[in-house]
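Undergrad:
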Amino acid sequence: MEHAVFFPAHDGSPAFRRVADRDEAIRLVEHLRNVEGVGEVSVHALSEVPLAFKTYYRVEVPAVVAVEPSVAESVEVIPLQGPVLATSNGHPVEPATSLGFFAS
C-alpha cells in the first residue's frame, strides 16, 4: 500500500513524498531525520476511495428584470358635436332597420 510522508521543506513550506510501501516510508523518515535534520514528520497510509459518477442536470432560469409600470399621459377628452352626417348627401345617418335585399 502506498504511503505519504509529510514534512517541512527547507524554506518552511509544507512538502510531501509518495512512496510505494511502509518500509520505504520508514527509510525516508530516517533519511529526513538523520541526514537533513527534519524532526517534524508524519506518515499516512494511502488507500483508494471508490468513486461513482452519476448524471446530474441543473436547470437555470435567467432572472426576471422587474419593470416598473409606466403611467400613461392623460389625453384630452373631446365631446361629440352632434349627429354624424353622411358625407355624400349631408343627411343624418340613421341606424339600419332592415337587412334589405339580404333579409329573405
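By this note's numbering, the letter at position 62 of the sequence shown is numbered 62, and the numbering carries on one by one without gaps. Here a beta-carbon is modelled for each residue, glycine too, at the ideal position from N, C-alpha and C. Source: prediction; values computed, not measured.
Using a threshold of 9 Å, state whether the C-beta atoms of residue 105 and residue 8 are closer than that.
TA: Residue 105 lies beyond the range of the chain shown here (1 to 104); nothing can be said about it.
Undergrad: When you compare each of 31, 44 and 6 to residue 22 by their alpha carbons, which one comes out closest?
TA: For residue 22, the nearest C-alpha among the options comes from 44.
Undergrad: Using the Cα positions of residue 74 and residue 66, report the straight-line distance between them to the nearest angstrom.
TA: If I take the Cα positions, the gap works out to 24 Å.
Undergrad: If you run the structure through DSSP and keep just helix, strand and coil, what is residue 25?
TA: When secondary structure is reduced to three states using DSSP, residue 25 falls in the helix class.
Undergrad: My output table needs one value for residue 17: the three-state DSSP class, helix, strand or coil.
TA: strand
Undergrad: Taking buried to mean at least 16 other C-beta atoms within 10 Å of its own C-beta, is residue 52 buried or exposed?
TA: Residue burial annotation: residue 52 is exposed, with fewer than 16 other C-beta atoms found within 10 angstroms of its C-beta.
Undergrad: Got a sec? Which residues, its chain only, sit under 6 Å from residue 42 by beta carbon, not counting five neighbours each side?
TA: 6
Undergrad: Can you check which of these residues, 33, 55, 29 and 12, is closest to residue 18 by C-alpha distance?
TA: Ranking 33, 55, 29 and 12 by Cα distance to residue 18 puts 29 first.
Undergrad: Report the partner residues of residue 4 according to the DSSP bridge assignment.
TA: 18 and 44
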